[in-house]
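Residue numbers (the working numbering): 220 to 567. Using N, Cα and C, we set each Cβ at its ideal position, and we do this for glycine too. On a predicted model such as this, the values are computed, not experimentally measured, just so you know.
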Ligand SMILES: Cc1ncc(COP(=O)(O)O)c(C=O)c1O
């Protein structure tokens, strides 16, 4: 049955998925008396398409993949959870990931009773591939990478990924939530060749639609099949499908906003380096900057008192006294800089 099949949890392999009324009949123009819907209140009286065919068709065209290689989730957070549930046997299997990175991998692992092993990034935030290998064993079902990484902002190299797939036979997940803000090429092009690779993307960042909750997983069919098998039948609601189609049809606006955010990020990068309380501004491929300062809590609290909220990342690995700043509008960035300079003058 193939290498991926043998990685799937036994109870999931044995699972007979729920078959919804809309799975069985796929026509559009009929008298629908099959799903106990209300005949009034059109159009939201109807359940959404459980296979999200229109959305997948559009995404497939844009990403140059087959519709069969796409799983859509209620945010990429749902895809993260479903991948863990599909492949990790609670209490037995483990996940290896990098540290620091996006916090939901660890939370989802804990919810699913799966050991989560953290491998520190090197001091320049690059991958320690040897340490990832040393931390993996025969029960490592998933390795999570995030590129560009949250909160460090850097991307990992194709040669590192090619190295990992040489020895790792579990599921390698690369979360590309911030890929549109990067000049580096992502990894979707590799899913045809590497059947244990999953690439996650989202509508929440570059597309500006965090509110609709639409995440995408790109992978070989054996992986998307098992994800579709265990997802709730109607995990993407009709409003999200509609808004998703409209948004994707407006790629020019997305590109224009992404350029604007990148320009503002680069401008903020330059300006922050000149601030007295800033020790280091890390280069970023994402829509945020990680900044090392002399007193993270002091600046963070001062900004809150001025109604400006950033993220204090001091408590996490390799991020002592580091703040993460999301690139807002040009005006918001000016406001932040002004408040920061006021902080410096009042703390002389
Ligand atoms: C790396 C990364 N992945 C995923 C997400 C969440 O994505 P979604 O909104 O699609 O659930 C975030 C949100 O901050 C993130 O930083």
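Looking only at DSSP bridge pairs, what is residue i linked to?
i, result
"residue 290", "436"
"residue 418", "393 and 437"
"residue 530", "543"
"residue 509", "543"
What span of residues does the alpha helix (DSSP H) with residue i cover, start to end?
i, result
"residue 316", "Note, residue 316: premise wrong, no alpha helix (DSSP H); beta strand (DSSP E) at 313 to 318."
"residue 402", "From DSSP, residue 402 is part of no alpha helix (DSSP H); its letter is neither H nor E."
"residue 348", "348 to 354"
"residue 501", "Element bounds for residue 501: n/a, residue is neither H nor E."
"residue 386", "377 to 386"
"residue 515", "515 to 524"
"residue 463", "457 to 467"
"residue 243", "240 to 243"
"residue 325", "323 to 330"
"residue 297", "295 to 306"
"residue 252", "Unbroken run through residue 252: none, as it is neither H nor E."
"residue 226", "222 to 226"
"residue 230", "229 to 232"
"residue 273", "272 to 282"
So, at 6 Å on beta carbons, what are the nonlocal neighbours of residue i in its own chain, with the 5 sequence-adjacent residues on each side left out?
i, result
"residue 300", "327"
"residue 422", "428 and 433"
"residue 555", "527"
"residue 382", "348"
"residue 546", "480, 483, 484 and 506"
"residue 296", "323"
"residue 172", "The shown model of the chain, from 220 to 567, leaves out residue 172, and the question about it has no answer."
"residue 325", "335"
"residue 420", "395 and 435"
"residue 496", "512, 513 and 563"
"residue 459", "431 and 433"
"residue 228", "308"
"residue 344", "371 and 373"
"residue 492", "500"
For residue i, which residues of its own chain have a beta-carbon under 8 Å away from its beta-carbon, when the five flanking residues on both sides are left out?
i, result
"residue 338", "315, 316, 317, 318, 347, 350, 351 and 354"
"residue 528", "522"
"residue 234", "448 and 449"
"residue 276", "286"
"residue 237", "452"
"residue 486", "552"
"residue 362", "314, 315, 316, 351, 355, 383, 387, 389, 390, 391 and 392"
Ends of the beta strand (DSSP E) at residue i?
i, result
"residue 336", "334 to 339"
"residue 552", "Looking at the DSSP string, residue 552 is not in any beta strand (DSSP E); the run it does join, the alpha helix (DSSP H), is 549 to 565."
"residue 493", "It is not in any beta strand (DSSP E) - residue 493 carries neither H nor E in the DSSP assignment."
"residue 260", "Per DSSP, residue 260 belongs to no beta strand (DSSP E) and is neither H nor E."
"residue 359", "359 to 365"
Spatial neighbours of residue i within its chain, please: C-beta separation below 7 Å, excluding the five flanking residues on both sides.
i, result
"residue 456", "267"
"residue 192", "Residue 192 lies beyond the range of the chain shown here (220 to 567); nothing can be said about it."
"residue 333", "303, 307, 309, 312, 313 and 314"
"residue 543", "370, 507, 509, 529, 530 and 532"
"residue 441", "221, 223, 224 and 414"
"residue 408", "none"
"residue 536", "318, 319 and 339"
"residue 405", "395, 398 and 418"
"residue 525", "558"
"residue 375", "346, 364 and 366"
"residue 490", "556"
"residue 515", "531, 533, 540, 541 and 542"
"residue 454", "292, 293 and 297"
Does ligand 2 have even one heavy atom less than 7 Å from the beta-carbon of residue i?
i, result
"residue 275", "Among the ligands present in this structure, namely ligand 1, ligand 2 is not found."
query: Should the segment 234 to 252 be regarded as contacting the segment 421 to 430, the criterion being three or more beta carbon pairs within less than 8 Å?
result: Contact annotation: the segment 234 to 252 does not touch the segment 421 to 430, with fewer than three C-beta pairs closer than 8 Å.
message: If you measure from each CB to the nearest heavy atom of ligand 1 and keep those under 6 Å, what residues do you get, in chain order?
response: This criterion selects 294, 295, 296, 321, 365, 369, 394, 396, 421, 423, 429 and 434.
query: Is the segment 400 to 416 in contact with the segment 460 to 470, if contact means three or more CB pairs nearer than 8 Å?
result: Judged by Cβ distances under 8 Å, the segment 400 to 416 makes no contact with the segment 460 to 470, as fewer than three pairs qualify.
query: Touching or not, the segment 390 to 410 and the segment 256 to 265, by the rule of three or more beta carbon pairs under 8 Å?
result: Taking 8 Å as the limit for Cβ pairs, the verdict is that the segment 256 to 265 does not touch the segment 390 to 410.
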